[in-house]
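Novice:
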Amino acid sequence: VWEMIFPLSAGASLVIASEEQKKDIQTIAQLIQKHKITTLHFVPSLLNLFMNSPDAALYQSIRQIITGGEL
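First residue of the sequence shown? That's 83 in the working numbering, and the numbers climb one at a time after it.
1. Measuring straight from C-alpha to C-alpha, what distance separates Lys105 and Gln112?
2. Ignore the nearest five residues each way along the sequence and tell me which others in Pro126's own chain have a CB closer than 7 angstroms to its CB.
3. Closer than 6 angstroms by C-beta to His117: which residues in its own chain qualify, once you throw out the five before and the five after it? Chain order, please.
4. Please classify Ile147 as buried or exposed, where buried requires at least 16 neighbouring CB atoms within 10 angstroms.
5. With a threshold of 8 angstroms between beta carbons, is Arg145 in contact with chain C?
6. To which residues does DSSP link Gln146 through a beta bridge?
7. On a Cα-Cα basis, can you pick out the residue from Ile107, Thr121 and Ser100 that is closest to Ser143?
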């Protein structure tokens, strides 16, 4: 829940990927570019996929990445 409360309490917009969108790194990349997302919250396995994506260097809007949730 805190992942939603913090940005909203700071006046930020919140983009939530659907379950289907979360399964495709290209769709996530499109969301980042479309909405100029600055902060991401990924589980470690998704962060690994994202960081190894050949397009990862293109997302200049990103300022911070928060990760956690998997064992």
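Note that the Cβ used here is the ideal one computed from N, Cα and C, for glycine as well.
Specialist: On the basis of the supplied data:
1. 13 angstroms
2. Thr149 and Glu152
3. Val97
4. exposed
5. This model lacks chain C altogether; it includes just one protein chain.
6. Thr121
7. Thr121
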